[in-house]
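Take a look at the structure below.
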Amino acid sequence: TMWLGFRFPLFSRKSHSAVIITFDRRDLPTGFSRNEGKHVVKTPGPAEKEQNAMSWIATNRGPMLIALVVLVIVVAGWWAAHETPGEKLARAEQLLAAEQFEEAGRLAETVPGTAKEAWEAWVLAGNAFTRGREYDRAISVYGRVPDRAGRLAAAARSGTAAVLLDRRMLNKAEEQLRRLEAIRPDHPLVGEGLAHIFNVSARRHEAVPRMLAAAVSGQGPPQAELLVMLADIERPFGGLEYLELCRKADPADPLPVLGQAAAALAENDTGRAEALVREVLDGGTIEADELARGVAGRILGLILAETDRDTDFLEWHDRLPAEADADPLVWLARGLHVHHRGHIGEAARCLWEALVRQPNLRQANHLLGQCLKSLGRDDDAKVFLDRAKQLEQLVRILEHVEVRLQASFTERDAALWKDMVEQLQELGRVVEARHWARVAISRNLSLGWARRWLSVPSGRRQVDPLEQTVDSAQPALRIDLSDLSLPDWKQLVGRTELPGEAGLAEPGRIRFEDVTKKAGIDFHYFQSPDTATPGARMFENTGGGVAVLDFDRDGWPDLYFTQGCRWPMDRLETDPDPEQVFLDRLYRNNGDGTFGDVTRSAGLGDERFSQGVAVGDIDHDGWPDLYVANIGDNRLYRNNGDGTFDEWPIGGNASSGPWTTSCVVADIDGDGHVDLYDVNYLSGPGVFTKICRTQGVPFACHPNEFDGAQDRFWRGDGEGGFVDATSVGGFVNGNGKGLGIVAARYRGASTPASRPGLGLFVANDAVANFFFAAGEKGARDEALLRGVAYDRDGRPQACMGVAAGDADGDGRLDLFITNFYAESNVLYRQGEGGHFSDVTRIAGLREPGWKMLGFGTQFLDADLDGRLDLVVANGHVDDLSKLGQSYRMRPQLMHNRGGGRFVEIDSESLGDYFGKPLLGRGLARGDFDRDGRPDFAVSHLDDPSAVLANRTEAAGHWLAIRLVARRSARDAIGAEVTVRSGSMRSVHQLTAGDGYQASNQRGLVIGLGSSSRVEELTISWPSGETTRIVDLEPDGEVVVVEGQSVAWRLPR
């Protein structure tokens, strides 16, 4: 039997009678009578009535509760069925205000219809679900709002985009932002959101107008972080960890893959960069639209531009859409490719086209300036080179500003901000300058200069707020290079070669033996480490130098190693313990494979904190003298000719400088007298005490933490006297932080041939290099015009070692520079007129040194095949193994295969030494056993210095030459020797300085390969005189004296 309705009693308030409706008499409650199935109502008495009521309630308590709940639901359902959308929305707003996010969202999403109230409710539901972290439901309900819904559509699109950005789903977020832009272009999230997505997905240039729009969208000052991204548009942004999280969030999204590819390319990992680009282009799990494929194609073009894969590049170029001509990076890739192939005019045209579209490409400005210099358009070249330099200076300022953004404002910050504003103003980037001035004011309300700048005409200048650079400041718009030809892409087929003899010669079995112990040499450089203090001071990292000299003129090259000392140096005067005194060491070559320590008997043993060393005959007496670079006063030791040395005064005992790393002894100004040059490093407070920290962890300081030290030029009088002629000699440039140097004769670097001077290349640390072209009328720094101030991209590098030699066989001296970790070593090829080009990629030398930190380096012909190879000593300046960077590093040898192309030889085949992780520093070349096979010596930190004997089997023929000048300085630095043997012709030069804290043996060892005779030997002396000698036998040493047409053969 079932109840007809809800089972609950109905009580009459007046009669207190109870009524129940039932279909079965048996279901009547107690107190009711039955009468043959008829419905009977009986009115009880008072006592009976109370008893019956209590009995009924006790019996039916459970059903009563259930009935009440059901009643509530029914009433609520009836109420909901009759609640208006406006009432639902108001109630949802109350729930949202009470932070009952799920209830608010669930209620708001049930609002039906297409009316405004429904759209508003859906936006509210999306907001509620977002705050409740129910992101999928938020995206779903936001999606119900159509784009025609005006402000509500903008709210829905911005809400969806914000959720997607928070979830790192970049491609879907961009889709929503573009829909938002169509609805409300001035929405703040349009500029900021698209700028962020473009920046992290390899579209930095497209991000510029978005970042400018975002900068002006707010009422207050723009975000400094946004301005940082805007200031350097060539630096990838995003962070690898962030991009990897984006890939995990949406594996089909192509945008983080593009960001990873751009980052890999910036880190020189071209293999990984190309693999990532191929993921986007080849489909598979990546869902790439035409836009993403276009960006991927652009990156691929930049990857292929400087490889030998001409066919691949041309195929890439053929697939470019017509609109690619509007892309500055496509033009950059074109320019890099034709420049790589040696088509300078066509490269200049392509680079100019890139700069017409984007004037702030530092790499394009720098390379275009180099091209125009090669084309003889010096005035035009200077304009673009100057802009590249300005852009580089902006980046340097930006690096300091970024560090200070998280700190409290100081007076130093005020100067940085002012520099930033002035640099941007000079570049014609007025809008950015204005924004930085506003940021400066927001950080320090009393900053008067920023307020004054904003009030002057330049600060109030009316410009397009979305234009990064005003037209009048764009060199490419002022200098028309449309007369230069564009490349004929159909004709650009074939392999790229450097000038000189080409070939794919395999090395002989090049091998070196570490003979240090056999030779009796036991030398450890002491850098006075402070083991009690975490981190390292700057002077603890530079290490010591090494020189090769025949101090006693017995024909056998000897060795000199510089030494550090206990720090601070004033302890030397109070510490009488000889065991605690560290001295430079001179080792005499006994001619039998052993060396003897003759330091004390020779009157040597500098006890200061020594760095580099140079060798030269300062007084033309035929005996090599020594010049030692120190922290503090440098020391000059004059050779007495009897196996002893005396300390010789420099400049009337004037202080030679606070910190000299490398030095030169040579006739620099061409007056016939030997001069000295000090390469000075850092100066200022804290340079010898400061230890820097990053996130609380002690690290070696960056050199930009300190001021540079002015180099010193000491002019010689020919009799051993010297005066400081730095200023009058034209060598004043206080922005140097020098570590290495080479003095040599370069094309275009001389005054008239009767009194030529030398060119000085100075390798500076993290600032522009120097190239002083010296002569009787003084020197000037031509590094920027000659192409050696910066790398190919227009950036200064942390340059250390320098090797000089003809790498490509074209008869001109080239320069190889070692650099910091994750910076490419650089091979500068000298062209006509003494101009240099960065040909590192072509030469195959970029990748081998990328994950190394190079110091000493030298050219030497290891297998005597007539082609100069390279040896490099590596080792970090700080233990960053926790960051994935090696601290100790193995040395390297790169074999020259011909045509100026190199390949690294496997360390296992070279000998045990090349497999050891070391902290290499100074490295000098010499032939210690006089067998014609070049050897070398290298100084280390934390390990003994090493002497490496060349044991190469099946080496070629050779000729060793020693030169004695008579009409110029006796050492004949800058003399060129041309050897013709059969079909082989090679040019060699005697240089000085010899790179990082080193001095090579004063002589030339020339590999002849398979040639069995030297048909002609021609010597061009620094004086301008020429000596020609014919028909020489190989495999021996000869001495040639200026003015004598005879080669004196030396006995062994």
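Numbering (the numbering used here), first residue to last: 1 to 1052.
Ideal Cβ positions, reconstructed from N, Cα and C, are used throughout, including at glycine.
Quantities reported herein were computed from a predicted structural model and do not represent experimental measurements.
Rounded to whole angstroms, what's the CA-CA distance from residue i to residue j? Just pull it up for me.
i	j	result
residue 448	residue 820	40 Å
residue 484	residue 350	9 Å
residue 262	residue 289	18 Å
residue 245	residue 169	9 Å
residue 582	residue 939	15 Å
residue 81	residue 230	Unreliable positioning characterises residue 81 in this predicted model, as indicated by a pLDDT of 49, which lies under 50. The coordinate reading is nonetheless provided below. Near 56 Å, if we compare the C-alpha coordinates of residue 230 and residue 81.
residue 6	residue 110	Per-residue confidence for residue 6 stands at a pLDDT of 26, beneath the threshold of 50, marking its modelled position as unreliable; the derived number appears in the next sentence. One C-alpha to the other measures close to 30 Å.
residue 915	residue 899	28 Å
residue 248	residue 584	58 Å
residue 126	residue 149	15 Å
residue 163	residue 920	52 Å
residue 752	residue 773	Residue placement at residue 752 cannot be trusted, given a pLDDT of 36 that sits under 50; what the coordinates show is reported in the next sentence. One C-alpha to the other measures close to 13 Å.
residue 541	residue 629	15 Å
residue 777	residue 758	13 Å
residue 200	residue 525	46 Å
residue 35	residue 88	Annotation note: pLDDT 36 at residue 35 (below 50); position unreliable, no value reported.
residue 714	residue 676	5 Å
residue 792	residue 306	12 Å
residue 275	residue 849	22 Å
residue 424	residue 206	20 Å
residue 918	residue 942	8 Å
Can the beta-carbon of residue i be found closer than 8 Å to that of residue j?
i	j	result
residue 333	residue 285	no
residue 959	residue 1034	yes
residue 603	residue 562	no
residue 779	residue 729	yes
residue 651	residue 723	yes
residue 119	residue 141	no
residue 829	residue 837	yes
residue 745	residue 1001	no
residue 546	residue 923	yes
residue 397	residue 419	yes
residue 634	residue 659	no
residue 664	residue 992	yes
Looking only at its chain, what residues have a beta carbon closer than 7 Å to the beta carbon of residue i, apart from the 5 residues adjacent to it on each side?
i	result
residue 844	901, 902, 903
residue 799	739, 740, 763, 764, 765, 769, 817, 819
residue 955	508, 863, 864, 933
residue 1053	The question about residue 1053 has no answer, for the chain in this structure spans 1 to 1052.
residue 158	180, 187, 189
residue 1045	1027, 1028, 1029
residue 330	298, 301, 320, 324
residue 1055	Examination of residue 1055 is not possible in this model, given that the chain is present from 1 through 1052 alone.
residue 589	556, 557, 558, 595, 928
Taking the continuous alpha helix (DSSP H) assigned at residue i, which residues delimit it?
i	result
residue 249	240–249
residue 379	378–404
residue 825	It is not in any alpha helix (DSSP H) - residue 825 carries neither H nor E in the DSSP assignment.
residue 907	907–910
residue 650	Segment: none, residue 650 is in no alpha helix (DSSP H) and carries neither H nor E.
residue 356	344–357
Leaving aside the five residues before and after residue i along the sequence, list all residues of the same chain whose C-beta is less than 6 Å from its C-beta, in chain order.
i	result
residue 124	92, 108
residue 302	333
Excluding the five sequence neighbours on either side, which residues of its own chain have a C-beta within less than 8 Å of the C-beta of residue i, listed in chain order?
i	result
residue 965	971, 972, 975, 1021, 1022, 1023, 1042
residue 620	674, 718, 969, 970
Over what stretch of residues does the beta strand (DSSP E) that includes residue i continue unbroken?
i	result
residue 984	984–989
residue 371	Looking at the DSSP string, residue 371 is not in any beta strand (DSSP E); the run it does join, the alpha helix (DSSP H), is 362–374.
residue 857	854–860
residue 698	697–699
residue 1016	1014–1020
residue 898	892–898
residue 142	Element bounds for residue 142: not the beta strand (DSSP E) but the alpha helix (DSSP H), 135–142.
Quick one: complete beta strand (DSSP E) runs, 3+ long, within the stretch 505–592?
512–514, 546–549, 558–561, 585–589
So within the stretch 150–213, which uninterrupted alpha helix (DSSP H) runs reach at least 4 residues, ignoring any that extend past its ends?
151–166, 170–183, 188–200
Taking only runs that begin and end inside the stretch 703–786, name each unbroken beta strand (DSSP E) of 3 or more residues, in chain order.
712–716, 722–724, 738–744, 759–764, 770–773
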